[in-house]
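In what follows, a structure is listed as structure tokens, so that the remarks can point back to it.
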Amino acid sequence: MVIVTRVLVVDDEPQIIRALRINLVARHYEVAVAADGASALREAADWHPDLVVLDLGLPDLDGVDVIHGLRGWTNVPIIVLSGRTGHQDKVDALDAGADDYVTKPFGIDELLARVRAVSRRVVAQEPGPSVIQIGDHAIDLVDKTVTGDVRLTPTEWHLLEILLRNPGKLVSQRQLLTRVWGAGFVKETNYLRQYMAQLRRKLERDPAHPAHLITEPGMGYRFKP
């Protein structure tokens with residue numbers, strides 16, 4: 001079982017951030033904080049928390065978009081901590097990939113109990129392979145190299161890595177656009193078409209009939225090992 005030690009708190013209310021930081025640190029958690037959605041996504045990518053406590057009413061992005069952004073590349077547990085009490089708000093957050101939902105105002109003991117409960121449900125996952133084969137090319141996700149003298153741009157790497165780390169899983173257009181370009185680009189599906197075409201030309205044996213980088217029309221993309 002994974003032991004949760006690193007918690008990312010995402011909230012734009014300084015008093016809540018302060019209270020959570022004090023109480024979590026007192027219980028020997030490492031804590032990082034973010035006051036908006038964009039900062040939260042960057043912090044999660046850089047710090048790799050074991051659990052995220054997330055407000056929905058952020059100043060730049062809706063918390064549900066942050067959940068979609070995280071779920072594009074990680075299964076980190078997410079506990080929503082929100083003043084929204086409506087049934088549909090809870091359904092939307094849980095459908096997006098949140099693991100639990102706590103409404104404000106909240107008791108710190110209750111939230112800590114939810115953290116412990118989610119921690120118990122997290123099952124350790126074996127790390128995926130660091131070298132993955134696509135056609136004639138071996139892709140090393142650690143060293144960020146491709147055999148056959150192929151060079152990928154940073155954006156191509158970002159997009160490809162999300163797909164390769166979710167083998168066989170459909171990754172939605174919205175998740176990819178949010179994770180790679182940001183929540184303001186969720187309608188720019190032409191970006192995905194362009195970059196996926198570039199990746200296929202560089203990696204697939206027959207780019208017109210890809211065997212690994214698969215389009216699911218109207219939904220998203222899938223890496224087929």
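First residue of the sequence shown: 1, per UniProt numbering; consecutive thereafter. We treat Cβ as the ideally placed atom computed from N, Cα and C, and that holds for glycine. Computed from a predicted structure; not experimentally measured.
Cβ of Lys224 within 8 Å of Cβ of His212?
For the purposes of this step, residue 224 is identified with residue 224 of the sequence shown, where counting begins at 1. For the purposes of this step, residue 212 is identified with residue 212 of the sequence shown, where counting begins at 1. In contact: Lys224 and His212 (Cβ atoms closer than 8 Å).
Does the Cβ of Glu161 lie closer than 7 Å to at least one heavy atom of the ligand HEM?
The ligand HEM is not among the ligands present in this structure, which contains no ligands whatsoever.
In whole angstroms, give me the CA-to-CA distance for Val180 and Arg193.
On the sequence shown, position 180 is the one that residue 180 refers to. On the sequence shown, position 193 is the one that residue 193 refers to. Computed Cα separation, rounded: 13 Å.
Leu163 to Thr215, Cα distance in whole Å?
The count along the sequence shown starts at 1 and reaches residue 163 at position 163. The count along the sequence shown starts at 1 and reaches residue 215 at position 215. Computed Cα separation, rounded: 11 Å.
Separation of Ala40 from Val33, as counted between CA atoms
Here residue 33 is taken as the residue at index 33 of the sequence shown, counted from 1. Here residue 40 is taken as the residue at index 40 of the sequence shown, counted from 1. Their backbone Cα atoms lie some 8 Å apart in a straight line.
Do you know whose CA, among Ile67, Trp47 and Asn166, lies nearest Asp55's CA?
Residue numbering aside, residue 55 sits at position 55 when the sequence shown is read from its first letter. The option with the nearest alpha carbon to Asp55 is Ile67.
Could you give the distance in angstroms between the alpha-carbon of Ile134 and the alpha-carbon of Val76?
Within the sequence shown, the letter at position 134 stands for residue 134. Within the sequence shown, the letter at position 76 stands for residue 76. Their backbone Cα atoms lie some 27 Å apart in a straight line.
Taking only the alpha-carbon atoms, compute the straight-line gap between Thr147 and Leu24 and give it to the nearest angstrom.
Within the sequence shown, numbered from 1, the residue matching residue 147 stands at position 147. Within the sequence shown, numbered from 1, the residue matching residue 24 stands at position 24. Cα to Cα, Thr147 sits roughly 45 Å from Leu24.
Does DSSP put Gly57 in a helix, a strand or coil?
Residue mapping note: residue 57 aligns to position 57 of the sequence shown, counting from 1. Here Gly57 sits in strand by DSSP.
Which residues DSSP lists as bridging Phe223, in chain order:
As a position in the sequence shown, residue 223 is number 223, starting the count at 1. BP columns for Phe223 point to Leu213.
Check each candidate in Thr145, Phe106 and Asp99 and name the one with the smallest Cα separation from Ile79.
Indexing the sequence shown from 1 puts residue 79 at position 79. Nearest C-alpha to Ile79: Asp99.
Between which two residues does the alpha helix (DSSP H) holding His87 run?
Residue mapping note: residue 87 aligns to position 87 of the sequence shown, counting from 1. Start and end: His87 to Ala96.
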